[in-house]
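J.: Numbering (full-length UniProt numbering), first residue to last: 1 to 68. Before anything else, here's the structure in question.
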């Protein structure tokens, strides 16, 4: 079963938003936008690779982002 992306825990453990600490013109922001666009377009591909039953996995988007 494919896990889903859950961004709600970031505020639970951190009082500082990382987005506020990275300058707006930093090159990693452009890379992140491109990665978000590409991985967002691959949702149907990822859905087809995972079973509908069973325990949820770590979302493949998280694993690919971690490798980048």
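Glycine included, C-beta positions come from ideal geometry on N, C-alpha and C.
1. In chain order, what residues of the same chain lie with their CB nearer than 8 Å to the CB of residue 4, ignoring the 5 residues before and after it?
2. Take residue 66 as the anchor and find which of 54, 36, 43 has the nearest alpha-carbon.
3. May I have a chain-ordered list of the alpha helix (DSSP H) segments no shorter than 4 residues that lie completely inside the region 38 to 65?
4. When DSSP labels each residue in this structure, what does residue 68 get in the three-state scheme?
5. Give the DSSP-derived three-state secondary structure of residue 21 in the structure shown.
6. Taking the alpha carbon of residue 68 as the point to measure from, which residue in 31, 15, 41 has its own alpha carbon closest?
7. What residues in its chain sit with their C-beta under 8 Å from that of residue 52, if we drop five residues either side in the sequence?
T.: Working from what's here:
1. Here residue 4 is taken as the residue at index 4 of the chain shown, counted from 1. Cβ within range, chain order: 56, 59.
2. The residue you call residue 66 lines up with position 66 of the chain shown. Selected option, being the one with the closest Cα: 36.
3. Fully enclosed alpha helix (DSSP H) runs of 4 or longer: 43 to 49.
4. Here residue 68 refers to the residue found at position 68 of the chain shown. Note: residue 68 maps to coil in three-state DSSP.
5. In the chain shown, counting from the first residue as 1, residue 21 sits at position 21. Three-state DSSP puts residue 21 in a helix.
6. Reading the chain shown from its first residue, position 68 is the one you call residue 68. Ranking 31, 15, 41 by Cα distance to residue 68 puts 31 first.
7. The count along the chain shown starts at 1 and reaches residue 52 at position 52. Contacts found: 1.
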